[in-house]
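Following: one structure in structure tokens, then a few remarks.
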Amino acid sequence: MSNEDMRSRILDLEREARRLEPGRAMRDQWNAAVKQYADQFLDAIDDAPGYEYDPDEGKGIEAWLPAEEGRPLEQVLGALEAHVDHSGINPASGGHLGYIPGGGVFPSALGDYLAAVTNRYAGIYFANPGAVRMENMMLRWLCRLVGYPDGALGNLTSGGSVANLIGIVTARDDRGVTSAEVPRSVIYLSAQVHHSVHKAIRIAGLAEAPVRYVPLDAHYRLDAAALAQMVEADKQAGLRPFLVIASAGTTDTGAMDPLDAIADVAEAHDMWLHVDAAYGGFFILLDELRDRFKGLERSHSLAIDPHKGLFLPYGVGAVLVRDVQALMKSHFYRANYMQDALEHANQLSPADLSPELTKHFRGLRFWLPLQLYGLAPFRAALAEKRALALYFHREVQRLGFAVGPEPDLSVVIYRYVPEQGDANEFNRRLAQYVQRDGRVFISSTTIDGTVWLRLACLSFRTHLKHIDTLLEVLQAGVQALTAASPASHT
Ligand SMILES: *Cc1c(COP(=O)(O)O)cnc(C)c1O
């Protein structure tokens with residue numbers, strides 16, 4: 377091919393490839409359509425159902441495979457609306473009271489938009505010092521919030537599961553748990569620990585480590601005295617206790633493990649203490665709850681989820697590690713092609729502190745809302761969620777429900793015990809009744825064979841009216857289910 381032909385072929389390709397840069401007019405049109413979609417969604421959000429039953433289960437989206445030619449945005453948004461945004465749980469709704477809800481404060485969407493438009497490289501300090509400084513600053517802010525000393529740092533992860541994984545891998549390496557050591561290296565946790573911890577233990581190559589389930593007290597909190605006894609017994613048996621995992625807010629019941637007493641045991645036996653604060657961590661912002669977090673500052677690592685307790689949209693959790701050197705030891709790397717980056721390493725880079733290299737610039741969606749709102753409304757919203765949980769705990773008893781312990785944070789477990797028939801079955805059907813009604817969404821759980829309904833109150837959009845609606849639907853549900861069941865006496 378002649379030089380001329382080659383150039384002309386490249387220019388042909390360029391003309392086609394340049395369609396990837398839409399130009400101002402197209403951008404205006406797309407921006408307007410997306411803004412309209414978002415406005416329509418948000419204008420209706422205050423009364424949006426917590427659950428939408430979709431008999432189609434979103435199947436229609438499968439007709440929208442990528443094709444050779446593009447489609448108009450209006451059509452594409454139509455597909456999103458028809459097949460995705462009205463299917464199943466609506467986590468953006470204040471009526472989402474089921475799983476630990478996310479929320480999705482609006483400025484995070486703007487942060488994501490800008491992060492995607494500018495596409496800064498937040499993985500390595502050399503590549504974008506400002507972006508990495510922003511993320512490290514937010515992590516240091518979290519470290520101060522939980523009482524970690526200077527020298528602590530962490531990583532903004534995709535969520536709590538990866539944060540737990542990073543914490544557990546770091547503990548494994550810091551304590552020298554090589555594969556030969558795994559079968560005698562003991563891990564302690566409670567039966568109420570989040571399942572992501574079990575997953576992390578397996579992924580971290582610790583599946584063959586002995587795992588001890590520490591008994592719970594009547595509040596479903598880990599019993600620190602029982603922990604101490606188990607550790608002693610294991611040591612006497614020649615095993616090597618190395619890791620305790622506590623929860624600052626369990627998912628099932630919202631229980632706060634006694635962190636200070638657990639830290640005492642960990643310290644006495646030189647064990648790594650990891651705290652899963654993915655759900656509960658940000659309640660430390662409330663003066664009224666600070667005491668409950670005493671001991672968190674003594675942990676070696678912890679997981680905390682801004683996409684839960686700070687109401688950000690899904691996609692940002694954090695792991696914090698008291699001694700950043702330990703985190704580095706498990707996650708640093710050397711690559712020849714990145715030698716330029718190493719010479720500029722004034723600040724630690726996320727890529728040295730996590731399994732990721734190229735990553736979403738998560739810091740921006742986290743930093744922006746806090747800049748615009750300040751902390752005060754976040755504190756108020758957290759205090760409101762806790763007050764709503766306490767209110768619900770009291771009011772649901774008035775309706776004749778049995779309840780679990782008064783909530784440590786903002787999760788309440790409760791159940792209706794009918795005069796006759798199987799109570800577990802009744803509560804399962806009651807959960808379905810609430811789900812079919814759809815205005816609010818709740819979940820259920822089984823603890824020691826007993827089915828409980830759960831209120832998980834953590835959406836920034838959940839207010840008194842949603843809790844009152846739930847109480848109303850529960851009352852109607854109990855009436856409907858009681859009337860439906862034959863009142864047979866034998
Ligand atoms: C939600 C949750 C997790 C998992 O976090 P993801 O962000 O969903 O990955 C871990 N632990 C607890 C206690 C949680 O509530």
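For the sequence shown, position 209 matches number 585 in this note's numbering, and the numbering has no gaps at all. Backbone N, C-alpha and C fix where the C-beta goes; we use that ideal spot for every residue, glycine too. These figures come from a predicted structure and were not determined experimentally.
For residue i, count neighbouring C-beta atoms within 10 Å of its own C-beta (all shown protein chains included) and say buried if the count is 16 or more, exposed if not.
i: Glu673; result: buried
i: Leu592; result: buried
i: Gly825; result: exposed
i: Trp440; result: exposed
i: Met632; result: buried
i: Phe768; result: buried
i: Gly527; result: exposed
i: Asp652; result: buried
i: Asn466; result: buried
i: Leu758; result: buried
i: Ala752; result: exposed
i: Ala875; result: The displayed coordinates of the chain run from 377 to 866. Any statement about residue 875 would go beyond what the structure contains.
i: Gly552; result: exposed
i: His571; result: exposed
i: Val641; result: buried
i: Ile386; result: exposed
i: Ala860; result: exposed
i: Glu392; result: exposed
i: Lys611; result: exposed
So residue i and residue j are supposed to be a Cβ contact under 8 Å. How far apart are they, rounded?
i: Trp828; j: Met514; result: Between Met514 and Trp828 the Cβ distance is about 36 Å, and since that is not below 8 Å, they are no contact.
i: Thr554; j: Ile542; result: The Cβ separation is near 19 Å, so there is no contact.
i: His707; j: Ser730; result: 6 Å
i: Gly426; j: Arg815; result: 6 Å
i: Pro617; j: Val562; result: 5 Å
i: Leu806; j: Leu473; result: Not confirmed; about 14 Å, so no contact.
i: Ile638; j: Leu598; result: 7 Å
i: Ile476; j: Leu834; result: 6 Å
Where do the N-terminal and C-terminal ends of the beta strand (DSSP E) with residue i fall, by residue?
i: Phe618; result: 616-623
i: Asn495; result: Asn495 -> no beta strand (DSSP E), and no H or E assigned at all.
i: Leu831; result: 826-832
i: Leu678; result: 677-680
i: Asp636; result: First-last for Asp636: 635-644, but that is the alpha helix (DSSP H), not the beta strand (DSSP E).
i: His650; result: 648-653
Assuming contact is defined by CB atoms lying nearer than 8 Å, are residue i and residue j in contact in what I supplied?
i: Phe687; j: Phe836; result: yes
i: Leu740; j: Leu396; result: no
i: Leu565; j: Tyr596; result: no
i: Ala654; j: Gly536; result: yes
i: Phe817; j: Gln808; result: no
i: Glu511; j: Ser463; result: no
i: Asn504; j: Pro726; result: no
i: Val787; j: Ala765; result: yes
i: Ser484; j: Val569; result: no
i: Arg804; j: Ser819; result: no
i: Ala414; j: Ser469; result: no
i: Lys735; j: Gly499; result: yes
i: Val692; j: Arg738; result: yes
i: Leu846; j: Phe802; result: no
i: Gly671; j: Asp636; result: yes
i: Ala507; j: Ala694; result: no
i: Val697; j: Leu840; result: no
i: Pro781; j: Ala594; result: yes
i: Gly656; j: Leu785; result: yes
i: Gly480; j: His459; result: no
i: Ile789; j: Thr629; result: yes
i: Arg447; j: Gln723; result: no
i: Ala602; j: Pro634; result: no
i: Ile437; j: Ala455; result: yes
i: Asp844; j: Lys705; result: no
i: Val573; j: Ile621; result: yes
i: Ala547; j: Leu615; result: no
i: Gly478; j: Tyr749; result: no
i: Gly523; j: His842; result: no
Just curious, the alpha helix (DSSP H) that residue i is in, first and last residue?
i: Arg560; result: Looking at the DSSP string, Arg560 is not in any alpha helix (DSSP H), and its letter there is neither H nor E.
i: Thr858; result: 840-860
i: Gly454; result: 449-459
i: Thr546; result: 536-550
i: Tyr413; result: 399-419
i: Gly693; result: It is not in any alpha helix (DSSP H) - Gly693 instead sits in the beta strand (DSSP E) that spans 693-697.
Less than 8 Å between CB atoms is the rule here; does residue i satisfy it with respect to chain B?
i: Glu782; result: The structure shown contains no chain B; it holds only a single protein chain.
With three or more C-beta pairs closer than 8 Å as the rule, is the stretch 682-692 touching the stretch 634-649? no
State whether the stretch 843-853 contacts the stretch 762-781, with contact taken as three or more CB pairs (one from each stretch) at a distance under 8 Å. yes
Check whether the stretch 439-458 and the stretch 657-671 are in contact - that is, three or more C-beta pairs closer than 8 Å. no
Do the stretch 569-589 and the stretch 605-620 touch if we need at least three Cβ pairs shorter than 8 Å? yes
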